[in-house]
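Numbering (the numbering used here), first residue to last: -13 to 439.
1) Mind reading off the beta-carbon distance from residue 447 to residue 109? Whole number of angstroms is fine, and I expect it under 8 Å.
2) Is the stretch 274 to 293 touching the stretch 243 to 259, taking contact as three or more C-beta pairs under 8 Å?
3) Taking the alpha carbon of residue 392 as the reference point, which residue from 304, 175, 235 and 105 has its own alpha carbon closest?
4) Please report the straight-line C-alpha distance between residue 164 and residue 71, rounded to a whole angstrom.
5) Can we say the stretch 422 to 439 touches the stretch 393 to 404, given the rule of at least three CB pairs closer than 8 Å?
6) Counting only runs that start and end within the stretch 102 to 131, where is the beta strand (DSSP E) found for 3 or more residues in a row?
7) Going by alpha carbons, who is nearest to residue 379 out of 370, 359, 127 and 389?
8) Spatial neighbours of residue 350 within its chain, please: C-beta separation below 8 Å, excluding the five flanking residues on both sides.
9) Within its chain, find whatever has a CB closer than 8 Å to the CB of residue 272; leave out the 5 residues flanking it on each side and keep chain order.
10) My parser needs the alpha helix (DSSP H) runs of 4 or more residues fully inside the stretch 74 to 103; what are they?
11) Please confirm whether residue 106 and residue 98 have their CB atoms less than 8 Å apart.
12) Taking the alpha carbon of residue 403 as the point to measure from, which residue in 224, 418, 374 and 390 has its own alpha carbon closest?
13) On the DSSP letters alone, give me the boundaries of the alpha helix (DSSP H) that residue 206 sits inside.
14) Out of 432, 387, 420 and 421, which has the shortest C-alpha to C-alpha gap to residue 409?
15) So which of 154, 388 and 294 has the shortest CA-CA distance to residue 440?
16) Considering only C-alpha positions, which residue in the set 134, 178 and 43 is nearest to residue 166?
17) Quick test of your reading: residue 386 and residue 198, contact by CB under 8 Å. State the CB separation rounded to the nearest angstrom.
18) Mind the definition here: the stretch 171 to 181 touches the stretch 363 to 373 only if three or more C-beta pairs lie below 8 Å; say whether that holds.
19) Let me know if residue 41 comes out buried or exposed under the rule of 16 or more other beta-carbons within 10 Å of its beta-carbon.
20) So, helix, strand or coil for residue 72, using DSSP?
21) Ignoring anything shorter than 4 residues, give me the alpha helix (DSSP H) runs that lie fully in the stretch 199 to 285, in order along the chain.
22) Checking contacts by CB at 8 Å: is residue 324 closer than that to chain C?
23) In angstroms with no decimal places, state the Cα-to-Cα distance between residue 356 and residue 370.
24) Pick helix, strand or coil for residue 423, following the three-state DSSP scheme.
25) Touching or not, the stretch 147 to 159 and the stretch 339 to 353, by the rule of three or more beta carbon pairs under 8 Å?
26) Contact defined as beta carbons within less than 8 Å: I believe residue 280 pairs with residue 299. What is the distance between those atoms, to the nearest angstrom?
27) Is it true that the stretch 209 to 216 meets the stretch 178 to 193, where meeting means three or more beta-carbon pairs spaced less than 8 Å apart?
28) Can you tell me the Cα-Cα spacing of residue 437 and residue 414, whole angstroms?
29) Please state if the CB of residue 223 and the CB of residue 242 are separated by a distance shorter than 8 Å.
30) If distances are taken between C-alpha atoms only, which option among 201, 419 and 435 comes closest to residue 406?
31) Do residue 66 and residue 82 have their beta-carbon atoms positioned less than 8 Å apart in this structure?
32) At what residues does the alpha helix (DSSP H) containing residue 435 begin and finish?
33) Does DSSP classify residue 196 as helix, strand or coil?
34) Counting only the same chain and skipping the five closest in sequence on each side, list residues whose C-beta sits under 6 Å from that of residue 268.
35) Considering residue 377, what are the terminal residues of the alpha helix (DSSP H) in which it resides?
Rendered as structure tokens:
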């Protein structure tokens, strides 16, 4: 039975993804290749002294004292002390790397993946085939948007052990970002078959949502919540946020708000939940509250998308200066680390069409999933290339994904091509799903329908 059919027919045995995809620089400088312009001496192997310095720097990063007093901070401190006393055993190093990843997730700070990457590098320098360390390295690659490299490393791990759960999850996530939906389904199904669990049910929820089946998505998210470990509440909070997003897309603003509240009860000041609540507040007309929530989220996790929301909330609250400051941060962060979101922002605001298109085309070289393709479609629409926009929009919607933004974009593109009846139908569907999905898009949608500007 094909993986997509099995996922469709057996929602109790599916899975979900994972981690916030965050942009961080790669740690493994030793793997950089010299360019042809370098002299032979520059391309030569580093001296023993340079290698020693690099090892000391990597070790210092791996054994860095955590900044905080949470349970995971205390765990890191204990492991660091243990390793400093007896550095030879490998297992404590692996536990330390995994703790740094949990720290990154709790703090919504991708910088801590650098610490995890340093741990992986040290272990792999001693045991190049160490599977847990290779999985750590794969997680770092995934969160640095090195999706091809992450997928390749996961495949290498699976060649040694086809039942490696972490590698299956990494492969599923990387494949989805690379636009290989069927491979993502197959890896997710294999993960579910081996071990129904929060990571498995979570990925299933995401995949079923992307296939246009919100009921199955909710069932899998519920199963993921039931499978959570109370000793580690962050994955539970993450699943709650993902489930709440389904309610948000469907226009159930109050239902989404309850989910975000539950996530905040599990993990205080959890940035993804604060972002969700800011969207809810903006939808309910409380722009001041939305700006306050978005500012709190941005202070903890300065992501491009959060800066965009903060700017919109401040603008709605009448704080034009504050809005411009936030929008400036969107451009700065986007150019540095999140080309897709910046391209989406520019296309949404109908600004800098050439830059938006260049940014998303650059992103498409490493990330060809549903949402990147939709941003490309919208950037092409803004440039007036409606035929190319239609092609990309159709690709983005090929799996049946029913998100308001995707429907609105598809409808607007059809209207521009002269397919007024079909296009208006899609725009109305977007507004019927969620009349608050994005203030600028909603205003533009109503204008297309002749309902006001």
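In this text, a Cβ means the ideal position worked out from N, Cα and C, and glycines have one as well.
Concretely, from the data shown:
1) Outside the shown range of the chain (-13 to 439) lies residue 447, about which nothing can therefore be said.
2) yes
3) 235
4) 43 Å
5) yes
6) none
7) 359
8) 358, 359 and 362
9) none
10) 77 to 93
11) no
12) 374
13) 200 to 212
14) 432
15) Outside the modelled stretch of the chain, which goes from -13 to 439, sits residue 440, for which no answer is possible.
16) 134
17) 3 Å
18) no
19) exposed
20) coil
21) 200 to 212, 219 to 235, 239 to 252 and 257 to 269
22) The structure shown has no chain C; it contains just one protein chain.
23) 21 Å
24) coil
25) no
26) 5 Å
27) yes
28) 11 Å
29) no
30) 435
31) yes
32) From DSSP, residue 435 is part of no alpha helix (DSSP H); its letter is neither H nor E.
33) helix
34) 276 and 299
35) 372 to 382
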